[in-house]
Amino acid sequence: MSGLRIKFDTSELEHTVGEMAERVTNRKRAMEAIGALAKESIKTNFAQGGRPDSWPRPKHRDGQPLRATGRLMNSIGKQVDGNTVYVGTNVVYAAPMHFGAKKGSFGTFVHMVKTHQRQVTQAFGKQLKFPVWATVGAHAREVSLPWGDIPARPFMLLQDEDVVEIKELLGTWIMEGKI
14 MSGLRIKFDT
24 SELEHTVGEM
34 AERVTNRKRA
44 MEAIGALAKE
54 SIKTNFAQGG
64 RPDSWPRPKH
74 RDGQPLRATG
84 RLMNSIGKQV
94 DGNTVYVGTN
104 VVYAAPMHFG
114 AKKGSFGTFV
124 HMVKTHQRQV
134 TQAFGKQLKF
144 PVWATVGAHA
154 REVSLPWGDI
164 PARPFMLLQD
174 EDVVEIKELL
184 GTWIMEGKI
């Protein structure tokens, strides 16, 4: 019988697909890049005072919420564990700042106040002509935690554009092996 015989050399295709399969299962480099992207996005949340919505502004610190010392913002870290990246903070007050908290929602504690001097400027509801100094003896005082309401200021958020960038990054990593 006469006819046409077609043979495909698929070795290059098999090699390329094999490399892609390896990148699908070993995403550590991609996770490092995603973690870095997430860290920068979270730091931008601080710099812009909240995204996509502005955080409630404090009455002091020139209206810059969560920026008094920079400790919380600068504590954002990332850790890659195999094919997973964790982005977060170990600062103990991070959760109440992110989610908010009502006065006393963490209970109370007893605070020991040392003996100290206090300036008295009014007595019996009336302003004194001349302020006087009084000694306050040591005493125990019950204090609520937190001592006032803390509004939620969600900072551990990725933006929609970050999700798009992460998908593009993963696609480029799997298809081309580039970050």
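Quick note: the sequence shown uses this note's numbering, first residue 14, plus one each step. Every residue, glycine too, gets a C-beta built ideally from N, C-alpha and C. Remember, predicted model here, so these are calculated numbers, not experimental data.
- Query: A153 by DSSP, collapsed to three states: which one?
  - Reply: DSSP places A153 in strand when its eight states are reduced to three.
- Query: Does the Cβ-Cβ distance between V123 and A153 come in under 8 Å?
  - Reply: Yes, the pair counts as a contact, with Cβ atoms nearer than the cut-off.
- Item | Residue interval of the alpha helix (DSSP H) (run including T57) | Counted as a single uninterrupted DSSP element, the alpha helix (DSSP H) harbouring T57 occupies residues K41 to A60.
- Task: Grab the span of the alpha helix (DSSP H) containing M169 for me, first residue to last.
- Result: Premise fails: M169 is in no alpha helix (DSSP H) and is neither H nor E.
- Task: Take G101 as the anchor and find which of K52, A34, W146 and K180 has the nearest alpha-carbon.
- Result: Closest by alpha carbon: K52.
- Message: Please report the straight-line C-alpha distance between K180 and R70, rounded to a whole angstrom.
- Response: Approximately 33 Å, taken between the alpha carbons.
- Query: For S54, does the count of other Cβ atoms within 10 angstroms reach 16, so buried, or fall short, so exposed?
  - Reply: By the neighbour-count rule (16 or more Cβ atoms within 10 Å), S54 is buried.
- Query: Three or more C-beta pairs closer than 8 Å, one from the stretch 127–147 and one from the stretch 71–86: is that the case here?
  - Reply: Flag = no, the stretch 127–147 and the stretch 71–86 do not touch.
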